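For reference, the structure discussed in these notes is given below.
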Amino acid sequence: MLLTSDNINIYGIIGWPVKDSLSPLLQNSAFKHLKLNSIYTKFPVKSTNLQQSISGLRALSIKGANITMPYKEKVCSKLDSLSEEAALIGAVNTVHNKDNKLIGYNTDGKGFYKALKSANMDL
63 MLLTSDNINI YGIIGWPVKD SLSPLLQNSA FKHLKLNSIY TKFPVKSTNL
113 QQSISGLRAL SIKGANITMP YKEKVCSKLD SLSEEAALIG AVNTVHNKDN
163 KLIGYNTDGK GFYKALKSAN MDL
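Counting from 1, position 106 in the sequence shown corresponds to residue 168 in the working numbering; the numbering is continuous, with no gaps.
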């Protein structure tokens, strides 16, 4: 699918540093395979610019972002709402821009649990 700027969905990873992140390679490969008009990029954000970068997600209609270290805890107070898991854990690794509201999620716990379960670990 040809990416067009008229209706492209933009996603990314926010952190510092993110230069070595493989997330764009993985996500863009999935978007291409699924023929989605979407792109995933790196957002290298220094701590002094975290609030502006979160506000920028909304202002630029960026659909979502993964949050990496060192911001998983700091970003919680900058969002409109948190999922039950994110609130309980006190950290966010995924932000979804839904109807111009930024919602924080934490999928780390579920992913870790599923990995242990698939390895037949006693839980």
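Where a beta carbon is used, it is the ideal one built from N, C-alpha and C, also for glycine. Remember, it's a predicted structure, so these values are computed and weren't measured experimentally.
Residue nearest to residue i in terms of C-alpha spacing, selected from the options
i, options, result
"Asn-159", "Leu-119, Ser-109, Glu-147, Pro-106", "Leu-119"
"Ile-70", "Lys-140, Leu-141, Ser-109, Ser-100", "Ser-100"
"Val-107", "Gly-74, Pro-86, Ser-145", "Gly-74"
"Asn-90", "Lys-81, Thr-103, Val-80", "Thr-103"
"Gln-113", "Thr-169, Lys-134, Glu-146", "Lys-134"
"Lys-140", "Met-131, Glu-147, Leu-150, Val-157", "Val-157"
"Val-98", "Ile-72, Phe-105, Leu-84, Val-80", "Looking at the sequence shown, residue 98 is not Val but Leu. Measuring from the Cα of Leu-98, the nearest candidate turns out to be Ile-72."
"Asp-28", "Tyr-167, Leu-88, Phe-105", "Residue 28 falls outside the range modelled here, since the chain spans only 63 to 185, and no answer is possible."
Residue i, buried or exposed, once every other Cβ within 10 Å from all chains shown has been counted against 16
i, result
"Asn-128", "buried"
"Ser-115", "buried"
"Gly-152", "exposed"
"Leu-164", "buried"
"Ala-148", "buried"
"Asn-182", "exposed"
One or two residues paired with residue i in a DSSP bridge
i, result
"Val-157", "Ala-127, Gly-166"
Within the stretch 63-143, ranges of the alpha helix (DSSP H) (whole runs, at least 4 residues): If we require 4 residues or more, the alpha helix (DSSP H) runs fully inside the stretch 63-143 come out as 85-95, 112-121.
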